[in-house]
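**Student:** Numbering (this note's numbering), first residue to last: 52 to 331.
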Ligand SMILES: NC(=O)c1ccc[n+]([C@@H]2O[C@H](COP(=O)([O-])OP(=O)(O)OC[C@H]3O[C@@H](n4cnc5c(N)ncnc54)[C@H](OP(=O)(O)O)[C@@H]3O)[C@@H](O)[C@H]2O)c1
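In structure tokens, the structure reads:
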């Protein structure tokens, strides 16, 4: 999609970009964060994005973005969300120092844990705790600090939280993942209520099935599921389709969009009797 939203002069902090895997079956598969990064930069943003294990991918992405927008402030920062207590303060301070201010925070990073056994909810406590740290606590701490920075600088901006169709479709193979996304949903409501009056806007994107590194182990199955009708549009989503929506929101094109959740899922969460196969 062409760049229809102008973000010139805005400064964004984005978590979780640069992940990728080269595969024989599907070619190069990347994460949603990289697509958001490309869209923000090509729309005019300065950007600080984070990575954790994808050191090589983040370096390559940073170089690509600098080539795309020479002279613009494009930076990457290592950020381990499981150590959010120390790392969130450091990251927001770096964003302020290097970008000047934060007009947009995108809480995109995330991880999952799939129960290997057939026993529902059979998740080790340590895995549950890690999911909560990575998927919720890190975003909460970053958001608090980003909002404080916006208020201090009298420069209200935008927050985006990436959640999941798990909010409407529980899954007994990865329940704690869904629960962490519910916690993020609670944060949306708290922040929307508290900071709207300051002009700070917040949006939640509830994603369906996307072709990324996270879904790679089950991608063939997901494609087949989509084609068989589980997703009315008949295919998984593409990461760039999330990037477009983030750019739209951060552009202020719809200034009344606040405290809202948008399902970006090709219709996956529209429950139809057709998908229940009751007539068979
Ligand atoms: N793909 C889907 O179908 C789908 C559906 C619903 C929601 N989502 C959500 O979309 C977001 C992006 O995921 P994705 O699908 O693009 O998967 P992905 O390619 O695996 O990307 C996940 C990102 O999160 C980062 N991350 C994971 N654990 C981290 C940690 N402990 N500390 C810091 N960063 C960490 C990864 O960094 P490194 O690679 O550098 O470690 C990576 O950049 C997640 O919030 C996910 O829950 C995805």
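Every residue gets a Cβ at the ideal spot worked out from N, C-alpha and C, and that includes glycine.
Values in this document were obtained by computation on a predicted structure and should not be read as measured data.
Give the DSSP-derived three-state secondary structure of residue 212 in the structure shown.
**Tutor:** For the purposes of this step, residue 212 is taken as residue 161 along the chain shown, with counting starting at 1. Of the three classes helix, strand and coil, the one that applies to residue 212 here is strand, per DSSP.
**Student:** Determine whether the beta carbon atoms of residue 160 and residue 78 lie at a separation below 8 Å.
**Tutor:** What you label residue 160 is simply residue 109 of the chain shown in a count that begins at 1. What you label residue 78 is simply residue 27 of the chain shown in a count that begins at 1. Taking 8 Å as the Cβ cut-off, residue 160 and residue 78 do not qualify as a contacting pair.
**Student:** Looking at the structure shown, is residue 325 part of a helix, part of a strand, or coil, going by DSSP?
**Tutor:** Numbered from its first residue, the chain shown carries residue 325 at position 274. Looking at residue 325 - three-state DSSP - the assignment turns out to be helix.
**Student:** In chain order, what residues have a CB nearer than 6 Å to some heavy atom of ligand 1?
**Tutor:** Having a Cβ closer than 6 Å to some heavy atom of ligand 1 are 67, 68, 69, 70, 82, 83, 84, 102, 103, 104, 105, 130, 131, 132, 133, 159, 160, 161, 162, 185, 213, 215, 258, 260, 261, 263, 264, 265, 266.
**Student:** With three or more C-beta pairs closer than 8 Å as the rule, is the stretch 122-142 touching the stretch 182-194?
**Tutor:** Yes, they touch.
**Student:** Are the CB atoms of residue 112 and residue 85 within a distance shorter than 8 Å?
**Tutor:** Residue mapping note: residue 85 aligns to position 34 of the chain shown, counting from 1. Residue mapping note: residue 112 aligns to position 61 of the chain shown, counting from 1. Yes. Within cutoff.
**Student:** DSSP puts residue 81 in a beta bridge; with which residues?
**Tutor:** As a working mapping, residue 81 is identified with position 30 in the chain shown. Paired residue(s): 71.
**Student:** Could you compute how far the alpha carbon of residue 331 sits from the alpha carbon of residue 176?
**Tutor:** As a first step, residue 331 must be located in the chain shown, where it is residue number 280. As a first step, residue 176 must be located in the chain shown, where it is residue number 125. Low per-residue confidence applies at residue 331: pLDDT is 49, beneath 50, and the placement is therefore not dependable enough to give any value.
**Student:** Extract the residue ranges of the alpha helix (DSSP H) inside the stretch 182-241, only unbroken runs of 4 or more that lie entirely within it.
**Tutor:** Correct list: 189-203.
**Student:** Use the C-beta contact count for residue 209: other C-beta atoms within 10 angstroms, 16 or more gives buried, fewer gives exposed.
**Tutor:** For this step, residue 209 is matched to residue 158 along the chain shown. Buried is the call here.
**Student:** Could you check how far apart the C-beta atoms of residue 207 and residue 233 are, in whole angstroms? I think they sit under 8 Å.
**Tutor:** Residue 207 sits at position 156 when you count from the first residue of the chain shown. Residue 233 sits at position 182 when you count from the first residue of the chain shown. So it is not a contact: roughly 27 Å between Cβ atoms.
**Student:** Measure the beta-carbon distance from residue 294 to residue 89 and round it to whole angstroms, keeping in mind my assumption that it falls under 8 Å.
**Tutor:** As a position in the chain shown, residue 294 is number 243, starting the count at 1. As a position in the chain shown, residue 89 is number 38, starting the count at 1. Between residue 89 and residue 294 the Cβ distance is about 6 Å, and since that is below 8 Å, they are a contact.
**Student:** In chain order, what residues of the same chain have a beta carbon less than 7 Å from the beta carbon of residue 319, not counting five sequence neighbours either side?
**Tutor:** For this step, residue 319 is matched to residue 268 along the chain shown. If we look at residue 319 and ignore the five residues flanking it on each side, its Cβ neighbours are 216, 259, 260, 281, 282.
**Student:** Relative to the C-alpha of residue 82, which candidate in 73, 69, 94, 146 has its C-alpha closest?
**Tutor:** On the chain shown, residue 82 is found 31 positions in, with the first residue counted as 1. Per the Cα distances, 69.
**Student:** Please determine, among 162, 52, 95, the residue with the shortest C-alpha to C-alpha distance to residue 121.
**Tutor:** Here residue 121 is taken as the residue at index 70 of the chain shown, counted from 1. The shortest Cα separation from residue 121 among 162, 52, 95 belongs to 95.
**Student:** How about residue 306: is its Cβ closer than 7 Å to a heavy atom in ligand 2?
**Tutor:** What this structure holds is ligand 1, not ligand 2.
**Student:** Would you identify the three-state DSSP class for residue 160, choosing helix, strand or coil?
**Tutor:** As a working note, residue 160 is residue 109 in the chain shown. Residue state, collapsed to three classes: coil.
**Student:** Along the chain, where does the alpha helix (DSSP H) containing residue 297 start, and where does it finish?
**Tutor:** Numbered from its first residue, the chain shown carries residue 297 at position 246. Looking at the DSSP string, the run of the alpha helix (DSSP H) that includes residue 297 is 290-301.
**Student:** Can you tell me where the beta strand (DSSP E) with residue 140 in it begins and where it stops?
**Tutor:** Indexing the chain shown from 1 puts residue 140 at position 89. Not the beta strand (DSSP E): residue 140 falls in the alpha helix (DSSP H), residues 135-150.
**Student:** Helix, strand or coil: how does DSSP classify residue 273 here?
**Tutor:** In the chain shown, residue 273 corresponds to position 222, counting from 1. Note: residue 273 maps to helix in three-state DSSP.
**Student:** Take the Cβ of residue 170 as the centre, count every other Cβ of all protein chains shown within 10 Å, and call the residue buried at 16 or more, exposed below.
**Tutor:** Translated into positions along the chain shown, residue 170 becomes position 119. Residue 170 comes out exposed.
**Student:** I need the DSSP call for residue 153, collapsed to helix, strand or coil.
**Tutor:** The count along the chain shown starts at 1 and reaches residue 153 at position 102. Of the three classes helix, strand and coil, the one that applies to residue 153 here is coil, per DSSP.
**Student:** Hey, could you find the ends of the beta strand (DSSP E) residue 315 is sitting in?
**Tutor:** If you number the chain shown from 1, residue 315 lands on position 264. Looking at the DSSP string, the run of the beta strand (DSSP E) that includes residue 315 is 311-315.
**Student:** What residues match up with residue 62 in a beta bridge as DSSP calls it?
**Tutor:** For the purposes of this step, residue 62 is identified with residue 11 of the chain shown, where counting begins at 1. Residue 62 is bridged to 97.
**Student:** What do you get for residue 194, buried or exposed, if any count of 16 or more other CB atoms within 10 angstroms of its CB means buried?
**Tutor:** Taking the first residue of the chain shown as position 1, residue 194 is located at position 143. So residue 194 counts as buried.
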